[in-house]
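Numbering (our numbering), first residue to last: 358 to 561.
Following: one structure in structure tokens, then a few remarks.
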């Protein structure tokens with residue numbers, strides 16, 4: 358079983374990643390998201406988010422780190438994904454699960470759950486921009502206000518060529534309510550797909 362250190366905006370920065378990977382045996386860390394709108398971000402933005410890029414994308418204790426992008430425009434996600442791996446990121450992750458009102462108001466994060474086709478296009482563009490030997494992964498929730506489209510969302514990720522799917526077992530509207538976590542839905546997605554599925558949410 359693999360254990361991944363999931364990102365949490367405003368909490369899991371490089372210093373916390375360094376601390377936690379020194380005392381725990383994680384297989385991989387994902388950064389907080391880098392917001393992509395309509396431009397190729399400068400190199401300094403990547404290094405500020407992920408200083409581990411200066412050290413072969415590893416924490417001081419040797420745990421690999423993957424840059425996470427958040428955005429809704431496939432062409433710019435692709436450009437920035439290519440830059441991330443050129444700078445040394447061990448693959449790249451697409452955030453389709455952030456429930457922040459600010460993020461959702463500008464069309465990113467969990468807003469993409471309303472449009473599985475856009476998730477497909479974004480993930481596919483990133484996959485085509487990143488060398489085949491490096492992973493492209495996608496983080497989703499079960500849906501926006503219900504889990505009815507969870508299979509459509511999961512299928513979009515797999516059909517786009519993603520290497521792996523991370524499923525937060527709640528909808529956007531569920532937020533972080535512990536009692537709303539739906540392990541069964543994650544299991545159903547895992548049974549449906551052929552790519553690896555990682556469970557996320559209420560894992561301590």
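Just so you know, even glycine gets a beta-carbon here, dropped at the ideal spot from N, CA and C.
Alpha carbon to alpha carbon, how far is residue 400 from residue 424? Give it in angstroms, no decimals.
For residue 424 and residue 400, the distance between alpha carbons rounds to 13 Å.
Can you list, in chain order, the stretches of the alpha helix (DSSP H) that have 4 or more residues and sit fully within the segment 361–427?
371–380, 400–406
Could you tell me the boundaries of the beta strand (DSSP E) in which residue 450 lies?
Annotation for residue 450: the continuous beta strand (DSSP E) segment containing it runs 449–453.
Per DSSP, which residues does residue 556 bridge with? Please list them.
524
Locate the alpha helix (DSSP H) running through residue 440, then write down its first and last residues.
431–443
Extent of the continuous beta strand (DSSP E) to which residue 498 belongs:
493–498
Need the endpoints of the alpha helix (DSSP H) that residue 512 sits in, please.
Element bounds for residue 512: 507–516.
Here's the rule I'm using: 16 or more other beta-carbon atoms within 10 Å means buried, otherwise exposed. How should residue 479 be labelled?
By the neighbour-count criterion, in which a residue is buried when 16 or more other Cβ atoms sit within 10 angstroms of its Cβ, residue 479 is buried.
How many Å lie between residue 467 and residue 437 at the Cα?
20 Å
Compute the Euclidean distance between the alpha carbons of residue 499 and residue 525, then round it to the nearest angstrom.
Looking at the two C-alpha atoms, the distance is approximately 7 Å.
Should residue 557 be labelled buried (16 or more other beta-carbon atoms within 10 Å of its own) or exposed?
buried
Residue 494 and residue 511 closer than 8 Å at C-beta:
no
Going along the chain, which residues of its own chain have a beta-carbon closer than 7 Å to the beta-carbon of residue 384, five neighbours each way excluded?
359, 360, 361
To the nearest angstrom, report how far apart residue 366 and residue 455 are at their CA atoms.
9 Å
Under DSSP, the alpha helix (DSSP H) around residue 475 begins and ends at which residues?
473–486
Using only CA atoms, which one of 394, 397, 418, 458 lies nearest to residue 374?
Among 394, 397, 418, 458, the Cα nearest to that of residue 374 belongs to 418.
From what residue to what residue does the alpha helix (DSSP H) around residue 542 run?
540–549
Whole-angstrom C-beta distance between residue 546 and residue 484, which should lie under 8 Å
Not quite, the Cβ-Cβ distance comes to about 19 Å (not below 8 Å), so this is no contact.
By the DSSP assignment, the alpha helix (DSSP H) with residue 458 in it spans what residues?
Segment 458–462, the alpha helix (DSSP H) holding residue 458.
May I have the straight-line CA-CA distance separating residue 470 from residue 395, to the nearest angstrom?
20 Å
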